[in-house]
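Data block below; observations after.
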Amino acid sequence: MNMPGKKTDLIQGTLDLLILKTVAHEPIHGYGIAQRILLTSKEILQVQQGSLYPALHRLQRKGLLTSEWRESGSGPMAKFYSLTASGRKDLQEEKAQWQRYSGAVALVLES
Amino acid sequence: MRFPWNGMETDLKRELAHHLHELTAEYERRGHSREEAVRMAKREFGGSEQVKERCRDEWRWAWMTGIRQDVTFAFRQMRRSPGFAVTAVITLALGIAANVIVFGVLQAMILQPIDVPHGDRVMTLSLTASAFPFIAYPEVRDVRDGATLLSAVAAFSFENLGLETGGVTRPVWGYGVSGQYFELAAIKPFLGRLLERADDDHPGASEAAVLSWPAWKSYFGADPNIVGKTVRINKHPYTIVGVTPEGFYGTEKILLPSIFVPMANEASLGGGDWLEQRQVKNAFSIVRIKDGVTLPQARAELNTIAARIRRQYPAEEEGLGFKLSRPGLVGDTIGGPARAFLAGVMGLAGIVLLAACANLGSLFAARTADRAREIAIRMAIGSSRWRILRQTLVEALVISIAGGVCAFGLSWISLTGLATWHPPFDYPIRFSVLPQPSLILVVLLISVFAGVLCGVTPLRQIFNTDPNDAMKSGGTKHFGGRRWALRDVLLAAQIALCCVTVTAAFVSLRGLGKALTMDLGFKPQNAILTKFDLGQAGYSSEAAGQFQRQLLERVSRLPGVKAAGYANTVPLGGGDFSSTNVFSRQTADFRASNRAFASYLFDVSPGYFAAAGTPLLAGRDVSFADTAKSPAVAVVNREFARRLFHSGGAVGSYFKNRSGLPIRIVGIVADGKYLSISEDPKPAAFYPISQDAITLTTLIVRPWGDAADMAATLRKVVRDLDSSIPIRESSVWNSELAMSFFPTQVATVALGLFGAFGLLLSIAGAFGLASYTVSQRLRELSIRVALGAQAKEILSAALGRMLILLGSGSVVGMVLGVAAGRLLSAIVYQASAQDPFVLASVAFTMVLTGSLSVAGPVRRALHIDPARLLREQ
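As given, the protein sequences belong to chains A and B, one line each in that order. Residues in the first sequence are numbered consecutively from 472, following the numbering used here. Residues in the second sequence are numbered consecutively from 71, following the numbering used here.
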C-alpha cells in the first residue's frame, strides 16, 4: 500500500516493470532506482521506499533480479541489483503487455 | 545462531541504512545543515519497521520467522496471564488424556495381536455352534493330528488349583496346557524349562509345573533356586521345572494364570475326567497358522477335518464346525461387547474433548475481545488480518501442545496403573494395556486438532475488527442488549456436552445399583456349589438318584449346615439346563406351534429352594414322595403361572408337557434370573428330580457360618461316598457370579470418570467466563452500585445472561442425555435415562456445580467498592 504521496500512486505491477527497466541499464541500488525513476518521469512518479524495497525483494525472490554488495560512492556499502536472464525476458514481455494495454486505453479515451 | 534469516535481517538493515544515508546526503546538498538533513531524511523515509516488515513478508523464509515470532509472543502472553494459561493447559490435558487413554485401551486390547512372537498368526479355535469358545479335547486332538497348515495346535483349560508350598495352601488360577502350548507361544523360559509334548503324553506322564513370572515373584519371593522345588497342587506332588518370562500372561489378554500344569493330569487334579469326552466342552484351543498360509486356506482345511469327524462320530458330533477368531478376549465372547463398549466410550471421550475445546475457545474469544485495541493498532500499522489470526492459532497450538504433554504423562500413568491393577475378586483378570510409544503420535495429533479448533474461534471477531472503531471505544465493548456472541454459544454448548457426560455417569451408576441389588430369585451369598456328573463315574440314572439322596442325607447331618439340596444345574450357571415347550391343559395337538410358551426346566430335590434361597410363595416343595409311579407334578415360578393362567392362583391346576402328559402344579416360587442377568422375566418349571432322574448334579449347601471352609469338607464327603466321582467344581456361589457383574462395574467406573471430567470442565468453563464477565463489567457494575442498585440487581446485571446460558445448556444436555439413554442401555444393563432419580441427580449436580463456579465472581461482584474502582479505572 503506498502512503499517499504528492505525486501519482503506482500500481504494483507497473512498479515491477519500472524497476526491471531501470535495472536493465546497469547495476544500481535501491535509492538510485527511486531517483532514476523520479528523474526520468520528470518528477511525476515518486516511488516510496515502503513499496520499493518489498518489490525489490519480491523480484529477487522470483529470480528476476540478483544482488551483490558493493562499495558505493561514499559511506556505507550498498546492495546493487542487476537483471538476470529471466528478468530480461520478463521485462520484454511486461513491456509488450504494457504497451498493448496503454494503447487500448488511449483508443477508448479518444473515441 | 546463524540462521538464513539472521543474515537477511542484517542485510535489510544495512540496505535501508544506506538509503537513509543517501537521503541525508541529498538534503545536505540542498543546503541544509547536518542535523536538519538527518531529521528531514528520517521524516521522509518514514517508518523503517514497516518497510522491513513488508520485506520480510516477501522472503521465502517469511513464514518461519513469523512463526518464531508468534511462538515467542505466545509464551510472553502466557507468562503475563498465568492463571489463564494454567487453566487452559489443565483443561486441555484432561480432555486429551481422556481420548488418549481410551485409545490406548482400544489399541492394547483389540488392535494389537497378543503378546507372543508373531502373535498375528495365532488364532483361537472354537466351535461354530456356540458363542463361547469352549471345545472338547478330543476335537482339538483331531485337529492337531489332521491339520497340515497349522504349525501348532494346543488346548488349555482354566482351573482353580490349591497350591501348597511351605505348609501354606493358596487357591491359585492356573492353566492346564497341552503339549504344544509353549511351542505355540514360542517363548523362552525365564528360568528352567517349559512344558513340552512329553509332559502331556498321557495322564500321569509328568509331574512338572511351570510358574508364571508374577507368581514366582509374589508367592515364592523370586527365589533363584526355584527350579526343582517340590510343591503340592490339589494335594498332588509337583516339581517346578521353570518360570515363564516377565510379561507373558498366557494367551488371553485379560486372564492371569499363576501356574501351568500338563492338561493330561486333569483328572487327578480333581478337575473332572472329561479329556476323552466328546460332549464335554471344557477346553479352550489356540492354533498357530504356518507362515505363508492364508486364513481362508486354514479355514478350508478345518472344514475338511470337521466333515471327517462328523462322519466318524455321527451321534456326538452332529453339526460340528470349526471357526477361527482373534485370540485374547476369550474368543469373541468378550470381544463383541468389549468393542461396542469401547466405541461408546470413545464417543464420550470425544465429547469431553469437544467440550474442553469449546471451553478454551470461549476463553480465547474472550481474550481476543480484550485485546481488540491491541489488534486494532497492529492492523493500523500494517499487519494483515491473516497474520493476527496466525498468531492466535500459534498461541492456541502452544497451549494445546503443552496440554498434550501433560496429557501424555497422565495417560502413561493411568494406563500403567490400569495394567497393574487387579480386580478385587477372585478371578485373575488383568488389563494388558501397557502404553506404547506410538501413543505420542496420537497425543500430538489430538493436541494439534484441539489447538486448531480453539484457535479459530476468534476468527470472526478478528476479521470483523475495524481498527478505527476499536481504538475509539477504548477497547472495551458494550454488553447491554447485545446479541449472543460466539463465546456465549460456546459456553452453552460446553455445558450441554458436559451435562451429557454427567447424565451418562448417573445412568450407569443407577444401572449398576439396580444390577447389584437385583433380585436374582436366589441368594448366592454364602452358599456352596459342588458340581459333578455321575454319568462320568459310570452311574445310571436310578443309581444316580440313590447316590444323590444318600449324599443329601450325609450332608444335611454335617454340623453347621443350614440347608442343603441338589439339582441338575443352577440358574446363571452357564446354561447346562434346557427349555421346553409348555402347553395348556386343553391342547390336544402337541405341535411346537401350539405351545403356550417355552419355559426353562430344572430338576430339583426337596430342600433345593431352601438351600438356594428361593422363596416358596404358595403350595409345597417337591418331595421324594413324588416318584415315577405317582402323578406328575411340578413347582413353577410366578411368571409361569401368570402366563398360563393370567392370575396367581395356579396351585392345583394343570399344564401339559410336550409329550401331552398333564402335570399338576403343586407350588409357586418367586421369579428370578436364569440364563443371564439382563433377561426379561421368564417362566421356569421345577420337576422333582425323583420323577426325572438325572446324573448331572449340583449340590447346594448353605451353612450357618462362613461358606469358605465348607467347600473342602463337601468334597471329602463326596469322595468318601465314591472316590471315583470327578468333581467339576466346588466353590462359593457368589464368586462364580461375580464375573458376570464385572463388565457392568467396568462400564460404571469409566462412565463415572467421564462424568467427573465433564463436571470439572463445566466448572472451569463457567468459572472462567463468570470471572471474565464480572471483571469486564466492573466499571459498569460499580457505577450501578454507586447509584444505589441492590445486590439482586447487580447479580442479574452481571451474571444474568450467564445463568440463562447455564440453564439452557443444562436442559439441552439433559434432553440429549435422555435421547442417548438407549445407546447407554446397550452398555449398562438396566440403564434408563428417564429414571426420575437420574434426572433429579443430574439437575441437582448441574445446579450445584453452576453455583460453585460462579460463587467466586459473585462474591467479587457483590463486594465492589465503587469509589476505589472508578478511581482505578
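C-beta: ideal position from N, C-alpha, C; glycine also. Just so you know, these numbers come straight off a predicted model, no measurement behind them.
| Asked | Found |
| --- | --- |
| Helix, strand or coil at G926 (chain B) [DSSP, three-state] | helix |
| Cβ contact (3+ pairs, closer than 8 Å) linking the region 573-585 of chain B and the region 722-739 of chain B | no |
| Sub-8 Å separation of W283 (chain B) and F260 (chain B) beta-carbons | yes |
| Start-to-end residues for the beta strand (DSSP E) that takes in L769 (chain B) | 766-773 |
| Simplified DSSP assignment, three categories, for H548 (chain B) | Its pLDDT being 45, under 50, H548 (chain B) is placed unreliably by the model, and the measurement read from it follows with that caveat. Note: H548 (chain B) maps to coil in three-state DSSP. |
| K550 (chain A), buried or exposed, once every other Cβ within 10 Å from all chains shown has been counted against 16 | buried |
| 9 Å Cβ cut-off: residues of chain C touching V108 (chain B) | Among the chains of the structure shown, chain C does not appear; the protein chains present are A and B. |
| The region 765-777 of chain B / the region 606-626 of chain B touching (three or more Cβ pairs under 8 Å) | yes |
| C-alpha gap between W803 (chain B) and E749 (chain B), whole angstroms | 20 Å |
| Distance CB(A754 (chain B))-CB(S626 (chain B)) smaller than 8 Å | no |
| Local conformation of S800 (chain B) per DSSP, three classes | strand |
| 8 Å contact criterion, which N304 (chain B) and G232 (chain B) should meet: CB distance rounded | 5 Å |
| Other residues of its chain near A435 (chain B): CB distance less than 8 Å, five sequence neighbours each side excluded | T527, P528, Q531, A555, L556, R557, L560 |
| Coil, strand or helix - V313 (chain B) by DSSP | strand |
| Boundaries (first-last residue) of the alpha helix (DSSP H) holding K287 (chain B) | 283-290 |
| Neighbourhood of I864 (chain B) by C-beta, 7 Å cutoff - its chain only, sequence neighbours within 5 removed | L851, R854, V855, A931, L932 |
| Inter-residue spacing [alpha-carbon to alpha-carbon] between D673 (chain B) and G414 (chain B) | 41 Å |
| Range of the contiguous beta strand (DSSP E) that encloses D603 (chain B) | 598-603 |
| Sufficient close CB pairs (3 or more, under 8 Å) joining the region 157-177 of chain B to the region 463-478 of chain B | yes |
| Nearest-angstrom Cβ-Cβ length linking V238 (chain B) and F576 (chain B), presumed shorter than 8 Å | Not a contact, Cβ separation roughly 45 Å. |
| Same chain, Cβ closer than 8 Å to L486 (chain A), five either side skipped, listed in chain order | V518, S522, L523, A526 |
| Members of the region 121-155 of chain B near chain A, C-beta cut-off 8 Å | V121, R124, C125, D127, E128, W129, R130 |
| Residue burial classification, L791 (chain B) (beta-carbon count within 10 angstroms, cutoff 16) | exposed |
| Between the CA atoms of K122 (chain B) and L82 (chain B) - distance to the nearest angstrom | 7 Å |
| Beta-bridge partners of T300 (chain B), as assigned by DSSP | B:T309 |
| Under 9 Å by beta carbon: chain B residues contacting R547 (chain A) | Rather than Arg, the amino acid found at residue 547 (chain A) in this sequence is Pro. Those are R84, A87, H88, H91, listed as they occur along chain B. |
| Any C-beta of chain B under 8 Å from that of H496 (chain A) | no |
| Cβ neighbour criterion (16 or more within 10 Å) applied to K477 (chain A) | Confidence at K477 (chain A) is low in this model, with a pLDDT of 45, below 50, so its placement is unreliable and no value can be given for it. |
| Short CB-CB distance (under 8 Å) between G101 (chain B) and chain A | no |
| Proximity below 8 Å, CB of A633 (chain B) to CB of R728 (chain B) | no |
| Chain-ordered chain B contacts of G484 (chain A) [CB-CB under 8 Å] | Those do not exist, as G484 (chain A) stays about 15 Å from chain B at its closest Cβ, beyond 8 Å. |
| Partners in chain B for Y552 (chain A), counting only beta-carbon separations shorter than 9 Å | Chain B residues near Y552 (chain A): none, gap ~10 Å exceeds 9 Å. |
| Extent of the continuous beta strand (DSSP E) run through N707 (chain B) | 703-707 |
| Short Cβ contact (8 Å threshold) for H88 (chain B) with H496 (chain A) | no |
| E497 (chain A) - DSSP class collapsed to helix/strand/coil | coil |
| Under the three-state DSSP convention, the category A549 (chain A) falls into | strand |
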